[in-house]
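What follows is a set of notes on a single structure, which appears directly below.
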Amino acid sequence: MTEDELPEELNDTLSEEDELFEHHRIVCDKGQSPMRIDKFLMIRIEYATRSRIQNAIDVESVKVNDKPTKA
31 MTEDELPEEL NDTLSEEDEL FEHHRIVCDK GQSPMRIDKF LMIRIEYATR
81 SRIQNAIDVE SVKVNDKPTK A
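For the sequence shown, the numbering used here assigns the number 31 to the initial residue and increments by one for each residue that follows.
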């Protein structure tokens, strides 16, 4: 279902803030060797810079198991 197909009252509840950010869900392989989260995300997210990822971590926008993470 696209945003255009949502009922009007539900569509109105979508915040403008959500539209300004990209949302990613990344799942690690079980055999993944330990790696800094900023380096890991830089490899996985195309066009992401390490400084932008670090800023997102600083403002608690990056979560691991639904909890804010630290760089």
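Glycine is no exception: its CB is placed at the ideal position from the N, C-alpha and C atoms.
None of the values given here were measured: they were computed from a predicted structure.
For this session: Please report the residue range of the alpha helix (DSSP H) in which alanine 86 lies.
Result: 80–88
Exercise. Where does lysine 69 fall in DSSP's three states?
Worked result: helix
For this session: Tell me, please, which residues DSSP counts as bridged to lysine 93.
Result: Pro98
For this session: For methionine 65, decide whether its Cβ has a neighbour in chain B, counting only Cβ atoms nearer than 7 Å.
Result: No chain B is present in this structure, which holds just one protein chain.
Exercise. Does the beta-carbon distance from valine 92 to threonine 99 come in below 7 Å?
Worked result: yes
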